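With the numbering used here applied, the sequence shown has no gaps in its numbers, which climb one by one up to 100 at the end.
Report on the following structure.
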Amino acid sequence: MEPQKLRVKLGELASTSISGNDISSSCLYVSALAVLHAGQYAWISLLIVGVVLFLFRKIYG
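Following this line, the structure appears as structure tokens:
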């Protein structure tokens, strides 16, 4: 039986940057879909997304 190896974990900076990148790319993806489906009213849904992200700024920032 082999001894268990210690797994290297991500630090706080790396994990925060990965989650921030994921959130940013998701917002850009959603904005294209919102414009496609909502047309001229897409700004309303994107404004809601912006407000929600603003509320979570302490978690991701």
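All C-beta atoms, glycine included, are put in the ideal place defined by N, C-alpha and C.
The structure presented is a predicted model; accordingly, all values stated were derived computationally and were not measured.
Mind checking whether residue i and residue j have CB atoms under 8 Å apart?
| i | j | result |
| --- | --- | --- |
| A77 | S70 | no |
| L86 | I62 | no |
| C66 | V88 | yes |
Expressed to the nearest angstrom, what Euclidean distance is found between the alpha-carbon atoms of residue i and residue j?
| i | j | result |
| --- | --- | --- |
| S58 | A73 | 22 Å |
| G50 | S64 | 21 Å |
| I98 | A53 | 14 Å |
Point to revise | Ranges of the alpha helix (DSSP H) found wholly within the region 54–87, counting only runs of at least 4 | key: none
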